[in-house]
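In what follows, a structure is listed as structure tokens, so that the remarks can point back to it.
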Amino acid sequence: MSDLTMTKTRIHAGIYEGIVMDGASEEAKPDIGVFHLDKELRGLELRRDDEDLRLWHVRFPIPAEMLTDGVQTFVFRHIPGETTLDSFTIVTGEPLSDDIRGEVDLLRAELNMLKKAFRRHCVETM
Numbered sequence: 163m164s165d166l167t168m169t170k171t172r173i174h175a176g177i178y179e180g181i182v183m184d185g186a187s188e189e190a191k192p193d194i195g196v197f198h199l200d201k202e203l204r205g206l207e208l209r210r211d212d213e214d215l216r217l218w219h220v221r222f223p224i225p226a227e228m229l230t231d232g233v234q235t236f237v238f239r240h241i242p243g244e245t246t247l248d249s250f251t252i253v254t255g256e257p258l259s260d261d262i263r264g265e266v267d268l269l270r271a272e273l274n275m276l277k278k279a280f281r282r283h284c285v286e287t288m
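Shown next as structure tokens:
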């Protein structure tokens, strides 16, 4: 079991940013990897916090070549134990039409249209 915890702070301009807390050690840099389709990706940066030596700032530029139609999941793992620390998913292209979020957006738009029509009907009948 890993003593590491990872928290995403944001994804901005194609860069994942987060914080790793090492509850066990203030010494060594944590051995963390980013995986996509079980292949380890390059580009992960870890920088120790200036004030709290147990914290590490994580930056990972999301590779543009990984962004293709469909659902792409990126997983951060602590390498020695293969413990998953965090993950994020990016959905692009055609699958959005089958995605529940797309359906919810359509339902929301239809509901707004019905609300406007109902309000207009109420005003006209009074």
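Residue numbers (this note's numbering): 163 to 288.
Beta carbons: idealized from backbone N, C-alpha and C, even for Gly.
Checklist entry - Pick from D184, V285, M168, H283: whose alpha carbon is nearest that of R221? => result M168
Checklist entry - If we count the other Cβ atoms within 10 Å of its Cβ and call it buried at 16 or more, is G232 buried or exposed? => result exposed
Checklist entry - Which of the three DSSP states, helix, strand or coil, is assigned to L229? => result coil
Next on the checklist: In whole angstroms, give me the CA-to-CA distance for E286 and M275.
Outcome noted: 17 Å
Checklist entry - At which residues does the beta strand (DSSP E) containing E179 begin and terminate? => result 177 to 184
Next on the checklist: Quick check on this structure: which residue in P225, I262, G185, D184 has the alpha carbon closest to the alpha carbon of A348?
Outcome noted: Only positions 163 to 288 of the chain appear in this structure, which leaves residue 348 out of reach.
Next on the checklist: Here's the rule: buried if 16 or more other CB atoms are within 10 angstroms of the residue's CB, otherwise exposed. What is R172?
Outcome noted: exposed
Item to check | Bounding residues of the beta strand (DSSP E) (the contiguous stretch that carries I241) | outcome: Run containing I241: none; DSSP gives neither H nor E here.
Checklist entry - Going straight from the alpha carbon of W218 to that of H198, what length do you get? => result 22 Å
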